[in-house]
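Protein chains: 2
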Amino acid sequence: MRPIGHIESPLQDKLLVPRQPGLAPSLHCRLRLLPEFAREEAWRGIEGFSHLWLLWNSHKTEGWSPTVRPPRLGGNKRVGVFASRSTHRPNPLALSVVKLLAVETDSLLLQGADLLDGTPVFDVKPYLPYSDAVAESVGGYAPEQPELLAVRFDDGAEAWLTTQPVGRRQQIIELLQQDPRPGYRRGAAQPEKTYAAKFAGLDLCWRVDEQGVEVLPPRQPQKS
Amino acid sequence: MRPIGHIESPLQDKLLVPRQPGLAPSLHCRLRLLPEFAREEAWRGIEGFSHLWLLWNSHKTEGWSPTVRPPRLGGNKRVGVFASRSTHRPNPLALSVVKLLAVETDSLLLQGADLLDGTPVFDVKPYLPYSDAVAESVGGYAPEQPELLAVRFDDGAEAWLTTQPVGRRQQIIELLQQDPRPGYRRGAAQPEKTYAAKFAGLDLCWRVDEQGVEVLPPRQPQKS
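Residue numbers (the numbering used here), protein chains in the order written: chain A, 1 to 224; chain B, 225 to 448.
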């Protein structure tokens, strides 16, 4: 197994990575291809497909566990790892559907990816509606999208946003409304605790109270 | 990368393997798990999902090719390998959606698989309708299921069928109506030529004329 390319994304901290693809559509990423695989002929016809599968190396996860606690179940109930999309699997293989926005010189511009910056990608396959979109499928303990928290920005965060790229507000809303705290705290108010995670080169900061998520001014990232 | 189990299927010849999963629903197969992964806890909750993803090793394909000729395009037009689901890829990774019929002692009973007998499986993931079933997806040069040929059985094949398991007729129809000859002959009548491929321990034989597929009596398999 060898990568065909790597992901370039503002997602630089596992904590902020959406738990499924498509949950943060305003977040774009780029799959930068290695020179051997950036040849035009290898991609001919790809522009006719609206969506693609990425098969990627979940290289930031170590070891596997026979059971996991999905955030969906509040983080306090265990299910088998094969009944989940957790990355704690025997093989570090992950699967994401993404929207193809553009084919560029040596990269693909993608929407909706749940991949960390720097992730090695093993394969890209076209999404085939007639076999991949199973209308009658039933989704076990995760039948629908998770519920979302309300997201607001405090005064300091609002001031900071004025200096940011135009899409930044929406990206932050989409990432934080999913409550990306460790699963066992899901939905619970913890107004006294501030969370931080690296995003687009800064430490994004927020807290969760009874009204939902409050975004605080970001900090310069600390050395890790 | 290491297998978590292997496929047991009557599909014993690449030629007969459906070109996508779900095209031969009467064909069942079994994923027999290796002892390390056959523990109940690793699968807890799987029974709530109607469909699963198999990520598997397309171990019978050697080497990759930047372009391929999809059967869908008549086998005479080239597209990039990343714009196809061909197995001639840089990494031998394949992806199939299957229906979960039953969880057994050390195996999963599956419907609709396009996997050869003996295929090593790297991973099983639940199919999540809310993120995997993309209703608005557009399928490039393969927007719909391929057209099917009519399948009939000659007198010798009808006599043989009377001794077979009850589902055999339907399995053969589903496999042969997809015209599993090499792509560049797709749909063309070739009444003089007999095809043979190993299936359920026998050499299934057929020919293609103007009316469609005619199934001939099977032969004992030849040594390969």
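Even glycine gets a Cβ: it sits at the ideal position worked out from N, Cα and C.
Identification of chain B residues near residue 9 (chain A) by a Cβ-Cβ cut-off of 8 angstroms yields none; the smallest Cβ-Cβ distance measures about 18 angstroms. Scanning B:250, B:280, B:265, B:359 for the CA closest to the CA of residue 230 (chain B) turns up B:280. Annotation: Cβ neighbours of residue 275 (chain B) in chain A (cutoff 7 angstroms, chain order): 134, 137. The stretch 344 to 424 of chain B contains, as complete beta strand (DSSP E) runs of 3+ residues, the segments 344 to 350, 375 to 377, 419 to 423 (chain order). Nearest in C-alpha terms to residue 372 (chain B), of all of B:333, B:386, B:399, is B:399. At a cut-off of 8 angstroms between beta-carbon atoms, residue 43 (chain A) makes contact with chain B. Sorting B:317, B:227, B:272, B:344 by C-alpha distance to the C-alpha of residue 53 (chain A) places B:317 at the top. Here residue 89 (chain A) has 64, 81 as same chain residues with Cβ atoms under 7 angstroms from its own Cβ, once five neighbours each way along the sequence are excluded. Of A:104, A:137, A:23, A:95, the smallest CA-CA separation from residue 124 (chain A) is found for A:95. Counting the other Cβ atoms within 10 Å of the Cβ of residue 406 (chain B) gives fewer than 16, which makes it exposed.
One thing to note: residue 324 (chain B) has its Cβ no nearer than 8 angstroms to the Cβ of residue 253 (chain B). Taking 3 residues as the shortest admissible run, the stretch 24 to 63 of chain A contains the following complete beta strand (DSSP E) segments, listed from N- to C-terminal end: 28 to 33, 51 to 57. By DSSP's assignment, residue 433 (chain B) forms a beta bridge with B:436. The beta carbon of residue 256 (chain B) lies closer than 6 angstroms to those of 229, 230, 232, 331 in the same chain, with the five residues before and after it left out.
Residue state for residue 307 (chain B) is assigned as helix, using DSSP reduced to three classes. Note that the C-beta distance between residue 150 (chain A) and residue 211 (chain A) is below 8 angstroms. Judged by DSSP secondary structure, residue 335 (chain B) falls within the beta strand (DSSP E) whose first and last residues are 331 to 335. Put simply, of A:221, A:85, A:62, A:37 the residue whose alpha carbon is nearest the alpha carbon of residue 114 (chain A) is A:85.
One finds 140, 141 in chain A with Cβ atoms closer than 7 angstroms to the Cβ of residue 272 (chain B), taken in chain order. Against residue 25 (chain A), chain B offers no close residue; the least beta-carbon distance is about 12 angstroms (beta-carbon pairs closer than 8 angstroms). The alpha-carbon separation between residue 370 (chain B) and residue 284 (chain B) amounts to approximately 24 angstroms. With distances taken between CA atoms, residue 105 (chain A) lies nearest to A:35 out of A:199, A:192, A:35, A:97. About 5 angstroms separates the beta carbon of residue 322 (chain B) from that of residue 336 (chain B), a gap short enough to meet the 8 angstroms contact definition.
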